[in-house]
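A short worksheet on the structure shown next.
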Amino acid sequence: MFGMGPMEMGLAVLAILLLFGAKRIPEIAGSFGKGIKEFKKNMNDVQRDIAEPPAVEALPRASQSVSHEESASSEPKRLI
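Position 17 of the sequence shown, counting from 1, maps to 217 under our numbering, and the rest follow consecutively.
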């Protein structure tokens, strides 16, 4: 695993035990497991959202059409 032999793995475990202590390691492992579970859940949600086609809403049609002559002769609306 990662080019590490049994001696290097043992030293890594010993260093982790010295840094965090035996009581704290289960807490860290539990938090790590919960984080991975949440990450996988979010990845599945994203994949499902990508796979579903987006909902297309119909745009309402304009009830009245304005002719070209009518729009050219009228003055522009003022905002103030």
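Even glycine gets a Cβ: it sits at the ideal position worked out from N, Cα and C.
Cut-off 6 Å between Cβ atoms - residues of its own chain near P206, not counting five sequence neighbours on either side
Within the sequence shown, residue 206 is the residue found at index 6, counting from 1. For P206, where only same-chain residues beyond five positions count, there are no Cβ hits under 6 Å.
* Asked: From which residue to which residue does the alpha helix (DSSP H) around P226 run?
  -> Looking up residue 226 in the sequence shown gives position 26. I225 to A251 is the span of the alpha helix (DSSP H), which, as asked, contains P226.
Quick check on DSSP: helix, strand or coil for V256? Your numbering for residue 256 matches position 56 in the sequence shown. If DSSP states are grouped into helix, strand and coil, V256 belongs with coil.
| request: Tell me whether F202 sits in a helix, a strand or coil according to DSSP, three-state version. | output: Position 2 of the sequence shown holds residue 202. Looking at F202 - three-state DSSP - the assignment turns out to be coil, as it is neither helix nor strand.
Only counting the same chain, and skipping five residues up and downstream in sequence, which positions put a Cβ closer than 6 Å to that of G230?
One-based indexing of the sequence shown puts residue 230 at position 30. None.
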